[in-house]
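Read through the structure below, which is laid out as structure tokens, and then see the notes.
Protein chains: 2
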Amino acid sequence: MKSYEKVFVDFLKRNNLKLTHPRSIILQAVFRNHDHFDIETLYDQIRVEHKNVSRATIYRTIPLLVEAGLIKNPLRQESKDRYEYIYGHRDHLHLVCSKCSKIIEAGSKQIEKLLAEIAQKHDFRIEEYNLVVSGICKKCLNK
Amino acid sequence: MKSYEKVFVDFLKRNNLKLTHPRSIILQAVFRNHDHFDIETLYDQIRVEHKNVSRATIYRTIPLLVEAGLIKNPLRQESKDRYEYIYGHRDHLHLVCSKCSKIIEAGSKQIEKLLAEIAQKHDFRIEEYNLVVSGICKKCLNK
DNA sequence: GCCTTTTATGAGATTGAGTCTCAAAATCAA
DNA sequence: TTGATTTTGAGACTCAATCTCATAAAAGGC
Ligand SMILES: [Zn+2]
Ligand SMILES: [Zn+2]
Ligand SMILES: [Zn+2]
Ligand SMILES: [Zn+2]
Numbered sequence: 001m002k003s004y005e006k007v008f009v010d011f012l013k014r015n016n017l018k019l020t021h022p023r024s025i026i027l028q029a030v031f032r033n034h035d036h037f038d039i040e041t042l043y044d045q046i047r048v049e050h051k052n053v054s055r056a057t058i059y060r061t062i063p064l065l066v067e068a069g070l071i072k073n074p075l076r077q078e079s080k081d082r083y084e085y086i087y088g089h090r091d092h093l094h095l096v097c098s099k100c101s102k103i104i105e106a107g108s109k110q111i112e113k114l115l116a117e118i119a120q121k122h123d124f125r126i127e128e129y130n131l132v133v134s135g136i137c138k139k140c141l142n143k
Numbered sequence: 144m145k146s147y148e149k150v151f152v153d154f155l156k157r158n159n160l161k162l163t164h165p166r167s168i169i170l171q172a173v174f175r176n177h178d179h180f181d182i183e184t185l186y187d188q189i190r191v192e193h194k195n196v197s198r199a200t201i202y203r204t205i206p207l208l209v210e211a212g213l214i215k216n217p218l219r220q221e222s223k224d225r226y227e228y229i230y231g232h233r234d235h236l237h238l239v240c241s242k243c244s245k246i247i248e249a250g251s252k253q254i255e256k257l258l259a260e261i262a263q264k265h266d267f268r269i270e271e272y273n274l275v276v277s278g279i280c281k282k283c284l285n286k
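Here it is, written out as structure tokens:
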């Protein structure tokens, strides 16, 4: 048994969930992708060999793999776009509360400086960066 | 005329676009939002006084305001979720080249440390952060 | 094996933010 | 005022993601 399989099996056991056939197929398919993948692509890959695994089961299994610490979505966004005006408004970064959706604004100068250093190290010219920090705000922590 | 109006009018002129009634109404509504707003909320706000401004026009005007440098969407990343496996992989940043799509992976330790400091300052518990840096890679710069 | 209870599944319907279509309306320069 | 051109409103459409529910698979006791 590969070690990532063990991680998943242990996670399932801890949560009283079953290692079913579809879950096993999905796990293998995920670990064949050594790149970033979207779920539609994963669905197509799985379907080549396993015509009976449904889209719903894939969508249900992905969060389990995330929770198990096996995969993550490094580009995760919010489900809808939110805007703010920037004219006459200092640049800042956003701490988004995943419980109440509140946004805390914080200075971004240090981050920008650090990113500039990192970019220089890789001879990369930054055009823009998107940073979303999600977590729990003070108020929600105290509930 | 407020200065943000001037910015928008100049932008429209430069691009041979017209300052129409709906565009003007939308601009005012946007600048009444001193918070982050989503378009559905903006639509409802506008609808209170202007029942005839359509959702489509709002969706069409927002990118103009972005292009004019008046607003931005600081949280937008990609239109669909993408994943990568993290098990046995050190955490890293993504420098994505907008010319050739190459992804340069860089260490994220310093960024994490800095974010932790910022979060602590705001009594915020970080669950995850997502950072995507886009720009031009070394190779493409030399072309 | 068998029965029972619980959990998971597949297929397809539904959601909802965002986009597109197109006939009608508004704009503006001549 | 005219007429070419741009913009608009209404609603149809898209598509990733979620939900529903009847059926199927799993696990434990026997
Ligand atoms: Zn909160
Ligand atoms: Zn902000
Ligand atoms: Zn990566
Ligand atoms: Zn490049």
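Taken in order, these protein sequences are the chains called A and B. So in the numbering used here, spot 123 of the first sequence is number 123, and the numbers just go up one at a time. Remember, the numbering used here sits 143 above the position in the second sequence when you count from 1. Positions of the beta carbon are idealized from the N, C-alpha and C atoms, including for glycine. What you are looking at is a predicted structure, and each value in this text was computed from that prediction instead of being measured.
Residues that residue i bridges to, as DSSP identifies them
i	result
serine 134 (chain A)	A:Val96, B:Glu271
glutamate 148 (chain B)	DSSP output for glutamate 148 (chain B) lists no bridge partner at all.
glycine 250 (chain B)	B:His235
Minimum C-alpha distance to residue i - residue among the options
i	options	result
valine 30 (chain A)	A:Lys138, A:Tyr43, A:Cys140	A:Tyr43
glutamate 236 (chain B)	A:Arg23, A:Ile46, A:Ile111	The sequence given here has leucine at residue 236 (chain B), not glutamate. Ranking the options by Cα distance to leucine 236 (chain B), first place goes to A:Ile111.
glutamine 28 (chain A)	A:Ser98, A:Asn130, A:Asn16, A:Leu70	A:Leu70
arginine 55 (chain A)	A:Asn16, A:Ile25, A:Arg32, A:Lys99	A:Ile25
leucine 160 (chain B)	B:Val239, B:Gln188, B:Leu208, B:Asn285	B:Leu208
lysine 242 (chain B)	B:Ile279, B:Val275, B:Asp266, B:Glu260	B:Ile279
asparagine 285 (chain B)	A:Asp123, A:Lys113, A:Leu141, A:Thr41	A:Asp123
Cutoff 8 Å: residue i Cβ touching any chain B Cβ
i	result
cysteine 100 (chain A)	no
alanine 116 (chain A)	no
aspartate 123 (chain A)	yes
lysine 138 (chain A)	yes
glutamine 28 (chain A)	no
leucine 64 (chain A)	no
Residue-chain proximity (residue i, chain A), Cβ-Cβ < 8 Å
i	result
asparagine 195 (chain B)	no
arginine 154 (chain B)	Sequence check: residue 154 (chain B) is phenylalanine here, not arginine. Cβ-Cβ to chain A under 8 Å: no for phenylalanine 154 (chain B).
valine 275 (chain B)	yes
glutamate 271 (chain B)	yes
alanine 262 (chain B)	yes
alanine 249 (chain B)	yes
Other residues of its chain near residue i: CB distance less than 7 Å, five sequence neighbours each side excluded
i	result
glycine 250 (chain B)	His235
isoleucine 39 (chain A)	Ile58, Tyr59, Ile62
histidine 211 (chain B)	A small correction: the amino acid at residue 211 (chain B) is alanine; histidine does not occupy that position in the sequence shown. Hits under 7 Å: Val150, Phe151, Phe154.
leucine 258 (chain B)	Ile269, Tyr272
histidine 193 (chain B)	Ile168
Check: residue i C-beta below 7 Å from any heavy atom of ligand 1
i	result
isoleucine 269 (chain B)	no
isoleucine 136 (chain A)	yes
cysteine 240 (chain B)	no
cysteine 243 (chain B)	no
lysine 2 (chain A)	no
cysteine 140 (chain A)	yes
Beta-carbon proximity list for residue i, same chain, < 6 Å, skipping 5 on both sides
i	result
proline 165 (chain B)	Val196, Thr200
isoleucine 246 (chain B)	His237, Val239
Beta-carbon contacts of residue i that lie in its chain and below 8 Å, excluding the five residues immediately before and after
i	result
alanine 262 (chain B)	Arg268, Ile269
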